[in-house]
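In what follows, a structure is listed as structure tokens, so that the remarks can point back to it.
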Amino acid sequence: MANVKRAEGPLLDRTDFHYATNGTNSSLEIFPLQTEDEGLYKCEITYLAVREACSVVQFVNLTTYALPTYLQMTFEDGSPIDNGTVAGPFDEGTSLTLICESGGGKPVARVSWWNGSQTLPGEYSGILEQNGAGVGRNILRVPLTRADLASTLTCEAENAAMTSPFVASVTIDLNVPPVSVTVTGAETATYEGEEVTLTCVVKGARPAASITWLNGSVPVQDAPTLVNVQEDSAEIRLPDDTYETRSRLNFQATRFENGQKFSCEATNVVLENRDQEPMESVVSLDVHYAPIVRVSPDNVTVNESMDVLIFCQYTANPPKLSHVYWYQDSSQVDVAGYPDKYGNGNVEHPSLLVKNSSAADTGEYTCRVANAVGASEVTNSAFVSVQYRPQVQVVIYPMEPVSEEDHVNVTLNCDVVRANPDYLVRVRWYLDGELLKELPECDGNSTTYGSNSVFCDIDPSKLLLENVFKDFHGNYSCEGMNDAGWGSRSNEAELIVHYPPGQAFITYQPPMVVKGLSLELTCNVEDPGRPAATTFRWYRGSHLVPDETTASWTINPVSLETEDNFTCVPVNIEGEGERATLNVDVLG
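Position one of the sequence shown corresponds to residue 1 (full-length UniProt numbering), numbered consecutively onward.
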């Protein structure tokens with residue numbers, strides 16, 4: 001065999017030639033083999049005697065392979081992900097970008113993403129370096145869904161130099177909102193006073209949902225009508241790594257909860273991060289309760305003979321009534337027994353109609369109704385006031401006769417005997433049947449005064465007679481007016497005014513006074529006074545005749561001594577009247 005030349009260049013220190021003298025084989029050993037050693041190798045043979053059939057040049061095409069030197073995972077921002085770790089938490093709907101890169105392999109490693117046994121579509125790219133090695137990269141962009149709960153994403157890198165791929169994995173920590181909210185416990189009716197238990201079940205949330213109970217739009221703990229409220233909650237972890245949250249709400253049913261909407265609101269961080277409203281489930285309660293009654297209006301004022309309608313308004317569940325009862329001053333009204341007097345007041349029309357009202361219909365009215373649950377309680381009443389015209393009487397103060405000489409004041413009262421309202425707004429005063437005055441004088445008669453006049457601000461039921469004298473004597477009566485109108489005139493009451501007799505004058509018979517005959521003197525009074533004068537004082541000359549006290553004085557027989565001045569004075573309990581004097585001449 002011919003001489004063998006030694007290797008040159010980069011292979012100088014990494015090659016050995018193996019051959020044997022006179023042998024037929026020769027080999028080239030490269031160690032350590034490098035990727036750049038790939039190429040076409042030529043073996044030239046020189047023969048001492050060259051024949052045409054002998055090959056003088058042989059070629060060997062050497063292809064080199066290399067295992068990848070690394071496999072790494074990173075997030076889109078370049079931050080590394082350690083193999084076997086948990087990444088997150090992420091909210092459902094997040095677009096997650098993961099990058100897996102393997103370098104140093106020859107050929108460039110094929111990099112792929114897997115979810116279990118399912119390959120995931122990614123963006124693969126390879127970067128070839130000068131030495132034939134390179135970097136393989138796969139960018140995975142995946143919108144996270146509920147299907148990714150507890151999933152492990154695996155990155156694999158392999159090339160021809162490998163018998164099994166390099167593997168790196170990351171487990172996704174995924175948060176998801178609830179999938180359902182359900183409330184039970186309101187399927188059937190309940191009765192006021194019974195306990196109600198509502199159960200709210202929230203499924204499919206991660207992390208576990210928080211629950212809030214609402215009464216209408218108000219949290220149950222703040223609801224003013226709920227009684228004996230209790231809440232308790234529990235969380236259960238499900239096989240799919242989500243949670244089921246259960247909450248029970250207990251309270252005592254009242255009429256205020258009938259038809260009321262109770263809501264169970266569920267939320268977790270996913271909904272909060274999305275600024276979404278909580279998920280909710282709403283139920284309405286059917287609470288049966290006895291009627292609650294209110295009568296209206298609170299006060300009714302009508303004039304006699306008018307009809308009165310009193311409303312009986314109620315709430316009840318069930319709303320159908322079985323009985324309606326009306327009461328006046330706590331006594332039951334026989335509505336059915338007096339159809340001409342009362343109307344309605346039954347289960348079809350609970351309101352009460354009082355026809356042709358009279359004073360007897362004045363009073364406090366209450367309504368009581370019943371349904372299948374029970375009877376209502378009395379919560380309020382309506383007061384009916386039937387106004388009627390006043391019946392009055394005149395009362396005189398002082399009650400005894402008065403003396404003109406005393407110059408006293410007398411008060412006449414027009415007192416109400418029977419009326420509603422029992423006060424008088426106007427009074428007409430009469431003396432001996434003739435209208436004397438109507439009070440107050442500021443309105444309603446011919447005398448006009450200003451509205452602020454002292455004549456307006458008086459009590460019309462009082463008539464003051466000042467410095468009473470004889471002309472005030474007479475029979476007084478009055479008519480009173482209230483809000484119902486003018487009443488009838490009262491009976492007459494006599495005001496007695498005492499005064500002394502008036503001027504006296506004397507008459508006599510016969511016209512000619514003759515000695516020996518008789519003479520009758522009479523003391524006459526134009527106004528006998530009150531009480532009328534029944535006593536008369538007679539004077540002969542200046543001497544009182546004590547035995548003569550009547551209006552007539554008979555002298556029999558007449559003598560010459562009869563000729564004189566005769567005086568009479570009428571007298572009553574008030575005093576003496578004006579005296580009269582007569583000169584008598586006697587014919588002899």
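Idealized CB from N, CA, C, for every residue including glycine.
These figures come from a predicted structure and were not determined experimentally.
DSSP places Glu272 in the helix class (H, G or I) of the three-state scheme. Beta-carbon to beta-carbon, Gly516 and Val558 are separated by about 6 Å, close enough to satisfy the 8 Å threshold. With respect to the C-alpha of Val408, the residue from Cys367, Leu120 and Glu400 having the closest C-alpha is Glu400.
Note on Ser102: 16 or more other CB atoms within 10 angstroms of its CB, so buried under the neighbour-count rule. DSSP, reduced to helix, strand and coil, places Asp298 outside both helices and strands of the structure shown, so it counts as coil. For Leu71, the beta-bridge partners assigned by DSSP are Ser102. Under DSSP, Val335 shares a beta bridge with no residue. By the criterion of a C-beta distance shorter than 6 Å, Ala419 is surrounded in its chain by Pro390 and Asn482, once the five residues flanking it on both sides are discounted.
Here the stretch 66-80 makes contact with the stretch 105-121; the two share three or more CB pairs at distances below 8 Å.
For Glu280, the enclosing beta strand (DSSP E) stretches over residues Met279 to Ser284.
The stretch 178-189 makes contact with the stretch 277-286, as at least three CB pairs between them are under 8 Å. A Cβ-Cβ separation of about 6 Å places Tyr476 in contact with Leu412 under the 8 Å criterion. Our two residues, Cys456 and Cys442, have alpha carbons roughly 5 Å apart in a direct line. Glu348 and Asn228 have their C-alpha atoms spaced approximately 37 Å apart. Cβ-Cβ distances below 7 Å link Ile573 to His498 and Pro531 in the same chain, with the five nearest sequence neighbours on each side left out; the list follows chain order. Taking one beta carbon from each stretch, the stretch 292-301 and the stretch 198-215 have fewer than 3 pairs nearer than 8 Å; the two do not touch. The beta carbon of Pro219 is closer than 8 Å to those of Thr212 and Trp213 in its chain, skipping five residues each way along the sequence.
Under the DSSP assignment, Pro570 falls in the beta strand (DSSP E) whose first and last residues are Asp564 to Asn572. Apart from the 5 residues on each side of it in sequence, Asn268 sits with its Cβ closer than 8 Å to the Cβ of Asn175, Pro177, Pro178, Ala205, Arg206, Pro207, Ala208, Ala209 and Ser210 in its chain, given in chain order. At a Cβ-Cβ threshold of 9 Å, Thr562 and Leu582 do not count as neighbours. Leu11 sits in a helix when the DSSP states are folded into three classes. About 45 Å separates the beta carbons of Val369 and Gln393, which is beyond the 8 Å limit, so they are not a contact pair.
Burial is judged here by how many other beta carbons sit within 10 angstroms of a residue's own beta carbon; Met512 has fewer than 16 and is exposed. For the 9 Å CB-CB criterion, Ala266 and Asp173 do not form a contact.
No Cβ-Cβ contact shorter than 9 Å links Tyr191 with His323. Per DSSP, Ala382 is one residue of the beta strand (DSSP E) stretching across Ala382 to Tyr397. Ser358 sits away from Asp307, with the two beta carbons spaced by 9 Å or more. Ser331 counts as exposed, since fewer than 16 other beta carbons sit within 10 angstroms of its beta carbon.
Between the stretch 137-146 and the stretch 113-120, the count of Cβ pairs shorter than 8 Å is three or higher; the stretches touch. In this structure Val410 touches Val402 by the C-beta definition: roughly 6 Å separates them, less than 8 Å.
Secondary structure in the stretch 131-168: no alpha helix (DSSP H) run of 4 residues or longer lies completely within the stretch. Straight-line spacing of the CA atoms in Asp432 and Lys470 works out to 14 Å. With contacts defined as CB atoms closer than 9 Å, Asn250 and Glu231 qualify as a contacting pair. Here DSSP, grouped into helix, strand and coil, assigns Lys341 to coil. Within the model, the alpha-carbon separation for Phe17 versus Asn83 is close to 45 Å.
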